[in-house]
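Number of protein chains: 2
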Amino acid sequence: MADKAQIQEAIKTQGEVVRKLKTEKASKDQIDEEVAKLLQLKAQLGGDDGKHQFVLKTAKDYNPKQMAIREKVFSTIVNCFKRHGAETIDTPVFELKETLTGKYGEDSKLIYDLKDQGGELLSLRYDLTVPFARYLAMNKITNIKRYHIAKVYRRDNPAMTRGRYREFYQCDFDIAGQYDPMIPDAECLKIVHEILSELDLGDFRIKVNDRRILDGMFAVCGVPDDKFRTICSTVDKLDKMSWEDVRCEMVKEKGLSEEAADQIGEYVSMQGGQDLAERLLQDPKMSQSKQAVAGLTDMKQLFSFLQLFQVTDKVVFDLSLARGLDYYTGVIYEAILTQTGPIPPPAAAEQNGAGGDEGSVSVGSVAGGGRYDGLVGMFDPKGRKVPCVGVSIGIERVFSILEQKAEASAEKVRTTESQVMVVSAQKNLLEERLKLTAELWNAGIKAEVMYKKNPKLLSQLQHCEDSGIPLVAILGEQELKDGVVKLRTVASRDEVDVPRAELVEEIKKRTSLV
Amino acid sequence: MADKAQIQEAIKTQGEVVRKLKTEKASKDQIDEEVAKLLQLKAQLGGDDGKHQFVLKTAKDYNPKQMAIREKVFSTIVNCFKRHGAETIDTPVFELKETLTGKYGEDSKLIYDLKDQGGELLSLRYDLTVPFARYLAMNKITNIKRYHIAKVYRRDNPAMTRGRYREFYQCDFDIAGQYDPMIPDAECLKIVHEILSELDLGDFRIKVNDRRILDGMFAVCGVPDDKFRTICSTVDKLDKMSWEDVRCEMVKEKGLSEEAADQIGEYVSMQGGQDLAERLLQDPKMSQSKQAVAGLTDMKQLFSFLQLFQVTDKVVFDLSLARGLDYYTGVIYEAILTQTGPIPPPAAAEQNGAGGDEGSVSVGSVAGGGRYDGLVGMFDPKGRKVPCVGVSIGIERVFSILEQKAEASAEKVRTTESQVMVVSAQKNLLEERLKLTAELWNAGIKAEVMYKKNPKLLSQLQHCEDSGIPLVAILGEQELKDGVVKLRTVASRDEVDVPRAELVEEIKKRTSLV
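Each protein sequence line maps, in turn, to chains B and D.
All the letters of the first sequence, read from the start, carry residue numbers 1 to 514 under the working numbering.
All the letters of the second sequence, read from the start, carry residue numbers 1 to 514 under the working numbering.
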């Protein structure tokens, strides 16, 4: 390992690299990358006084307050998944390296490999979709509705400077199986609608498109076959770049003809609903593409189901939606928040399961997904396909919005669920306090007691205030003699003597109202 | 990468190595190790028809049935932790390599390293205790009661042959802070008692000892200071080896005098409760050791608290309990199941948070822990100590017992919570089914519908039987005309017409009883 002096020297050199790039007004990406290297070097050194020497720069801890928010979000999401009859599975955090190979295109460079310490070559999972497909093929499962909430890993260097982490949650719901067209697809959109409404993140919109419509559009606009994917990934930037810039990239960088680019430009500005699908089915150019017609026919069908589900108010058929991942084969969608509010760092936004998938996404994206009918077949020795459609909730972005909301709000976030604290104002009652606390625990009451022989009453009450414990059970010589416990309501400071035998019921009664 | 022929050659060679060892009657450990290598080679090759090529040999998936059991266990455990006022935190799956360095003694070789792909050098966490200590030091937290349920990673080679996995759950509860003696320690034992009772795993016993009593005992028995740790790890084997074998290892392998070994033998056969602590405080030899006296005094105090908590029926002061981890400084404990029942593979037993910690544990161990007052200080730049005591539930072993119970039982494990399935006996009612299903979802009912235009009634009912859905909502032309839904109870086959407006209430009423 490099010693301190070496690292300090390297930091100096790297600092100069960064300064030079800034002077030269180099691209943001380039500067970010070099700044990231600088931060890593500094991390190696530890903080000034060495106190940060064990602090990871690329992943973060969650404190109890963040966990309380996180658990509430998970519970809302899981309840929705369960309402829709989903089962859950779990897969290991690592997969065989070869399982991940060739699934993420250019982003494969972001995969974390484990060191070769003998045995199988392993990598940390990059998403939950590929492990799900591997699981289905391995177990010969041809239909399942499952959700999976777990962490995924991406070595995303430059973004470190924007507080973006390499470990983050994904929250996936997928339906695998051969069914009649667009019914599971519609349910996925219904789920996005339910979850975003329940999480109360403000207004949102769900953009929908279809890979076949995009491909058909490219074909009829005169994009050469071998340029479909690269032109598609340029179109995908429309949520962050102006049409002029996108057009320029297509023509200058990707060598598309100006005519083709302009025709694409006309289509990708179109937004609508079922009506748009119908109109495009009559479009003299689009109707020449079998692919486009298949996609548009399904789009019409999708909207008719969405009407039955009463979610068309938020869903828009948007021909500019592309999504980068290669494995999509049919409908694709992405949900964005439309309300301006406290804007979270772009970090979280880009790293949700939605847009994070392709590393290019609008700032407001909170969910995304689509149909991938070919992925399972890649893991099956005989190439047997299992059609799948799924959605991924961009949970990290949701956390960050709700954390900011919680901070802005006066209401305290409780990190425990304790209902009562057993206290005493007098000395030498530790045993009595412990005995009563155990009685409460045994009756299923969430109770705390201070681990001190003779704690001050004030510090016991202060703890209740701080952590939001609503009730205090006070024990003293007199109460013990009378066979009662003084039950105090923290908020109102009301006190009442409760016979000991009735204490559990009384606490249950009072805290069921809190 | 090696090609197929090379691997096949290596498999042949390795097969001969294994056969040779078996012929020579080599030690089980040695054979296991070579068999593991053989299995790894075979894994590289994939199955005969290539169908296992994406199957990890060292970690496993959980299917929906296993997940249902797992979630029930987690819920019992988390409820207990919450009842005791605990908060929860989360830490990344990887830590800086240096964070883990020097914490696990010989077992450090089992740490998974990530490949050096630039940036920080990382390792997968080996347990949850070291990350917890790092978290406390980093955030200058001096008191907290927290639980953490997460996966940990160990490159445990030989055990692969016994179905032991490299990824497994730990379930930790710890109390950090400077408090009056033995109160948090007693609460940890109370928690073990509550959890094991609630999980209904059969009878159990919790063995308790103290590092200071062990060290004092070694000192008065004449063990040289520099042999404390190694003799301690031999004593730790008493749950799997006879006293004769342990004595032999001490004398022959570790060079202890026969007298010292015999004196240790007398002590480690002692078991009791508060009475034994009192007796040993009077013991002419033990009472000479300050360490032993401090430990025994605390042990007396611990038992008096355990009496208040009414858990002494299961707790035994056992001088043979050693536990391998270096970081324990005071009380240590381990819970074992005493009932003979279906015996799970030793795999799971050795890998629970309890014994897994030291890689040597009795087969029946399901929980363990102790006091570690020095660990946090190792991460603090000024060495500031934060006393801690904690317990780890051996959850993998619990899963495996409950899975076997579930398999042996006639009762089906439900993997969804669906309350009702919306079906139709007639054709062309897909839209009506979807509309009703969405109404139910919107009202918070867990509902399923088949993704087919015209599914057969029988296959819809069969799905309810298979997955345990208790109710069926049947729609037909007549019902639609009458504004009712036919509600069928799957178990009894009773059917009744319910006005559509009352359907939600009726389903809620019926399923709250199920």
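A virtual CB, placed ideally from N, CA and C, is assigned to each residue, including glycine.
Model, not experiment: these values are computed from the prediction.
Residues of its chain near residue i, where Cβ-Cβ distance is below 6 angstroms and the 5 sequence neighbours each way are ignored
| i | result |
| --- | --- |
| D/K103 | V130 |
| D/E249 | T234 |
| B/Q263 | C221 |
| B/E495 | K486 and R488 |
| D/I175 | K145, P184 and V389 |
Alpha carbon of residue i to alpha carbon of residue j, nearest angstrom
| i | j | result |
| --- | --- | --- |
| D/D418 | B/K72 | First, the residue type needs correcting, since residue 418 of chain D is Ser and not Asp in the sequence shown. Rounded to the nearest angstrom, the two C-alpha atoms are 21 angstroms apart. |
| D/V582 | B/G118 | This structure does not reach residue 582 of chain D, given that chain D is present from 1 up to 514, and the question cannot be answered. |
| B/A137 | B/K405 | 42 angstroms |
| B/K22 | D/K42 | 53 angstroms |
| D/G15 | B/F379 | 29 angstroms |
| B/D185 | B/P64 | 37 angstroms |
| B/D326 | B/I191 | 24 angstroms |
| D/S257 | D/I231 | 12 angstroms |
| B/I507 | D/D29 | 56 angstroms |
| B/L319 | D/E431 | 27 angstroms |
| D/K140 | D/D180 | 21 angstroms |
| D/Q462 | B/D239 | 47 angstroms |
| D/V504 | D/A491 | 20 angstroms |
| B/Q339 | B/F317 | 20 angstroms |
| B/E9 | B/K37 | 14 angstroms |
| D/M299 | B/L436 | 22 angstroms |
| B/V251 | B/M270 | 21 angstroms |
| B/M67 | D/K486 | 44 angstroms |
| B/Y126 | B/L308 | 36 angstroms |
Residues of its chain near residue i, where Cβ-Cβ distance is below 8 angstroms and the 5 sequence neighbours each way are ignored
| i | result |
| --- | --- |
| B/I195 | T76, I77, C80, A367 and I393 |
| D/V293 | G216, L281, M286 and S287 |
| D/A425 | L457, I474 and G476 |
| D/I183 | F305 |
| D/V413 | K65, A68, I69 and A406 |
7 angstroms Cβ shell around residue i - same chain, five flanking residues per side excluded
| i | result |
| --- | --- |
| B/T483 | Note on residue identity: the sequence assigns Gly, not Thr, to residue 483 of chain B. Around B/G483: P499 and R500. |
| D/W243 | G265 |
| D/L603 | There is no way to answer for residue 603 of chain D, as the model of chain D reaches only from 1 to 514. |
| B/T312 | G273, F303 and L306 |
| B/Y112 | S123, L124, Y153 and R155 |
Buried versus exposed call for residue i [16 or more other C-beta atoms within 10 Å across all chains shown]
| i | result |
| --- | --- |
| B/A512 | Sequence inspection shows Ser at residue 512 of chain B; the Ala mentioned does not correspond to that position. Classification for B/S512: exposed. |
| D/T91 | buried |
| D/E502 | exposed |
| B/E33 | buried |
| D/P387 | buried |
| B/G383 | exposed |
| B/K12 | exposed |
| D/G255 | exposed |
| D/T329 | buried |
| D/M160 | Reliability fails at D/M160, whose pLDDT of 45 lies under 50, so the model's placement of it is uncertain and the value that follows must be treated cautiously. That one is buried. |
| D/S289 | buried |
| D/S365 | buried |
| B/G369 | buried |
DSSP bridge partner residues for residue i (one or two, in chain order)
| i | result |
| --- | --- |
| B/S337 | It is Leu, not Ser, that sits at residue 337 of chain B in the sequence shown. B/L337 is bridged to B/F204. |
| B/K145 | B/I175 |
| D/P499 | D/V484 |
| B/D113 | B/S123 |
| B/K151 | B/Y169 |
| D/V223 | Its beta-bridge partners do not exist; DSSP assigns none. |
| D/M421 | D/E448 and D/V472 |
| D/L96 | D/L122 |
| B/G369 | B/Y333 and B/V391 |
| D/D318 | D/Q271 |
| B/N209 | B/I332 |
| B/E87 | B/R146 |
Stretch pair the region 197-214 of chain B + the region 331-338 of chain B: three plus CB contacts closer than 8 angstroms: yes
task: State whether the region 458-471 of chain D contacts the region 435-445 of chain D, with contact taken as three or more CB pairs (one from each stretch) at a distance under 8 angstroms.
output: no
- prompt: Do the region 385-400 of chain B and the region 171-186 of chain B touch if we need at least three Cβ pairs shorter than 8 angstroms?
  reply: yes
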